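Contents: one structure, followed by commentary.
Numbering (mature numbering (1 follows the signal peptide of the UniProt record, and there is no 0)), first residue to last: -19 to -1, 1 to 60.
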């Protein structure tokens, strides 16, 4: 039981659950060629999923909700 709890705690900590979407999206979008568009899309995704993947690109497998969100046209929504 203790090991499962410890694993769950570490896994949740690794998901980058964010309390401040603005700060996390600024970090995520700082190298984007279209930072305002990136920040707006990231903010929507963060508010819905409550997490933002680490780094400025990729790593979306860490936050499945963020990775699986799509636009009406079927393209990936989250940067």
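No residue lacks a Cβ here, since even glycine has one placed at the ideal position from N, Cα and C. Source: prediction; values computed, not measured.
For residue i: DSSP bridge partner residues
i, result
"residue 57", "51"
"residue 27", "Looking at the DSSP assignment, residue 27 forms no beta bridge with any residue, so it has no partner."
Neighbour-count burial assignment, residue i, 16 or more Cβ in a 10 Å radius
i, result
"residue 22", "buried"
Spatial neighbours of residue i in its chain, beta-carbon cut-off 7 Å, leaving aside the 5 residues before and after
i, result
"residue 11", "37"
"residue 26", "47, 50, 58, 59"
"residue 28", "2"
Cutoff 8 Å; reference residue i; Cβ partners in own chain excluding five residues on either side
i, result
"residue -19", "Its pLDDT being 45, under 50, residue -19 is placed unreliably in this model, and the value from its coordinates should be taken loosely. Contacts found: none."
"residue 51", "57, 58"
"residue 16", "10"
Where the alpha helix (DSSP H) containing residue i begins and where it ends
i, result
"residue 3", "2 to 10"
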